[in-house]
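Input: a single structure, listed below in structure tokens.
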Amino acid sequence: MPQPSEIHSGPVAAAGLPRRSLTGLLTLVAIYALIVLVLPRPASLTPEAWRLLGIFIATVAGLVLQPIPGGALVLIAITIASVSGGLTIQQSLAGYSDPTVWLVMAAFFISRALLNTGLAKRIALLFVRTVGKTSLGVSYALAASDMVLATIIPSNGARSGGVILPIVRSIAELYGSHPGATAGLLGSFLMTAVYQSICVTAAMFFTGQASNPLAARIAADFGYSVTWSSWFVAGLVPGLCSLLIVPLVVMKINPPSIRRTPEAAAFAAGELRRMGPMSGREKILFVIFISVCGLWVTSGWHNIDITVTALFGAAALLLTGILSWEDVKSERSAWDIFIWYGGLLRLGKALNDAGVTAEFAKAVGSFFSGYTWLVLFVSALLIYFYAHYAFASITAHILAMYPPFLAVLVAQGAPVGLVVFAFACFTNLSAGLTNYGTTPSPMFFAHDYVPLSKWWQAGFVVAAVNITIWGTIGFAWWRLLGIW
4 MPQPSEIHSG PVAAAGLPRR SLTGLLTLVA IYALIVLVLP RPASLTPEAW RLLGIFIATV
64 AGLVLQPIPG GALVLIAITI ASVSGGLTIQ QSLAGYSDPT VWLVMAAFFI SRALLNTGLA
124 KRIALLFVRT VGKTSLGVSY ALAASDMVLA TIIPSNGARS GGVILPIVRS IAELYGSHPG
184 ATAGLLGSFL MTAVYQSICV TAAMFFTGQA SNPLAARIAA DFGYSVTWSS WFVAGLVPGL
244 CSLLIVPLVV MKINPPSIRR TPEAAAFAAG ELRRMGPMSG REKILFVIFI SVCGLWVTSG
304 WHNIDITVTA LFGAAALLLT GILSWEDVKS ERSAWDIFIW YGGLLRLGKA LNDAGVTAEF
364 AKAVGSFFSG YTWLVLFVSA LLIYFYAHYA FASITAHILA MYPPFLAVLV AQGAPVGLVV
424 FAFACFTNLS AGLTNYGTTP SPMFFAHDYV PLSKWWQAGF VVAAVNITIW GTIGFAWWRL
484 LGIW
């Protein structure tokens, strides 16, 4: 809630609109006006397509500036598109029938069951009990826990805030490591290493982060199909390499004073004893969890759509009573994503259908006609990666830069599979650069275990390590798989 000092004292305040929101909205209007009224429109584009571009860019800018919540912003955008963007209301709302939107929704409902029953926490504690006898082992255990949960929980914020972060804080405090003078004992290392690992797991899976299906849907507009299983196979080898190496790198940058942590394993064992054996609800959920993941992995064999599988899992949870309808209604993150996700998918597709993306690729490509696709690809990928310093959202980064970069590189002859996976995965990896790069960033940083300078130093070094791993081992692995 805004504080009284943030509220404008005039008529706007009476309506409950903070001054910052008003300024942000006026900025978006100015962006739209600049594009539509000032910038020259290519002759190949209709006035409606040009206005649609203005709406889309203003919407993406709004997701960065956040004058109002993202869902509200997108709802306004698709309404305006129906009035001035050349879309009928049926066309504007068509994104909400897209299977990808419902895949994310169903995955959120399944993740709610994992959190509610305690099964997600049990999985994390089992890893800590097994390999948590050293500080490095604890970081590996929690990274492995997040990796398992990322196979089906599409919210890295839910995984971090609901499962991983409380365990990190508990283990740090178990060894007397608190924010301030004692942070360096253990907590500073764990916060940094685990957060950086979470950025890797987000890049490894179709469901690793909520915007990954969005990237897959954009790739489909370029004629390239990305499935849960294809992303899983592509991300497995470079992801595991990063998960092994990143904590070691963080240990060099931010070494903990405490190296051996037998009490962490004992803590996990004690928590598991307190939880007792798996309940009947957990066992049923575990079977559903394994079934959904199994059907996703083998989707190329039986051709059952991954959205159907996700909805099957959610329906099974409702039928068994593990998930109640009240749980579904109260899953605010899912419904919020439903609103902005469906709207953005439709706006992006409308731009593509109107020829805006192709026109952009043609215009930019003419400036790089003398370069090979490889030189352009490497340069563009590095620019794309480090551009995340300007973003506080992976979604905004993907929406703003993923489609145009794909369009330009594919038009210049770059292998579409390489471009699709490289830019999608690197978006997630780039979130490790700052303390605001994605939802878990401020969650971890706000615990005050890591100074800002140390956080950014670790982010910069780990970024270079991840770029090297994914750009060598990852690209070679994708070559072997036939992705490019």
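Under my numbering, the first residue of the sequence shown is numbered 4, with each subsequent residue one higher. Backbone N, C-alpha and C define an ideal beta-carbon position, used for all residues, glycine too.
- For Arg262, the secondary structure class from DSSP, reduced to helix, strand or coil, is coil.
- Inclusion of Leu379 and Gln415 in the CB contact set at 7 Å is warranted, their separation being smaller than that value.
- Going by C-alpha positions, Met446 is about 11 Å away from Gly440.
- For Val171, same chain residues with a beta-carbon under 6 Å away, outside a window of 5 residues either side, are Leu193, Val197 in chain order.
- Rounded to the nearest whole angstrom, the C-alpha separation of Val63 and Ile397 is 12 Å.
- Rounded to the nearest whole angstrom, the C-alpha separation of Pro406 and Gln460 is 30 Å.
- Straight-line measurement puts the Cα of Pro102 at about 27 Å from the Cα of Trp487.
- Straight across, the Cα-Cα distance linking Leu128 with Arg349 is about 41 Å.
- Looking at the DSSP output, Pro445 bridges to nothing.
- Per the C-alpha coordinates, the member of Leu31, Gly351, Leu55 positioned closest to Leu217 is Gly351.
- Note that the C-beta distance between Val468 and Ile256 is not below 7 Å.
- Judged by DSSP in its simplified three-state form, Thr133 adopts helix.
- Between the alpha carbons of Ile472 and Leu314 lies a distance of about 35 Å.
- Between the alpha carbons of Ala267 and Leu347 lies a gap of roughly 44 Å.
- Just measuring C-alpha positions, the residue of Leu189, Val290, Phe225, Phe235 sitting nearest Val253 is Leu189.
- Listed in chain order, the alpha helix (DSSP H) runs fully inside the stretch 267 to 333 are 283 to 300, 302 to 305, 309 to 322, 328 to 333, counting runs of at least 4 residues.
- The alpha-carbon of Thr375 is positioned some 54 Å away from that of Glu285.
- Per DSSP, Trp487 lies in no alpha helix (DSSP H) segment and is marked neither H nor E.
- Taking 7 Å as the cut-off, the beta carbon of Val411 is found no closer than this to the beta carbon of Tyr227.
- Here Phe370 is exposed. Its C-beta has fewer than 16 other C-beta atoms within 10 Å.
- Remark: C-beta atoms of Ile38 and Ala213 do not approach each other more closely than 7 Å.
- According to the DSSP assignment, Arg44 belongs to no alpha helix (DSSP H), since it is labelled neither H nor E.
- With respect to the 7 Å criterion, Gly324 and Ser260 are not classified as neighbours on the basis of their beta carbons.
- Under the Cβ criterion (8 Å, minimum of three pairs), the stretch 232 to 245 does not count as touching the stretch 79 to 93.
- Across the set Thr82, Thr26, Leu117, Gly373, the C-alpha of Thr26 shows the shortest separation from the C-alpha of Pro70.
- Between Arg482 and the set Thr437, Leu421, His391, the nearest pair of CA atoms involves Leu421.
- Bounds of the alpha helix (DSSP H) holding Asp149 are 138 to 153.
- For the pair Ser158 and Ala46, the Cα-to-Cα distance works out to about 42 Å.
- The three-state reading of DSSP puts Gln199 in helix, counting H, G and I together.
- Per DSSP, the unbroken alpha helix (DSSP H) holding Asn119 starts and ends at 102 to 120.
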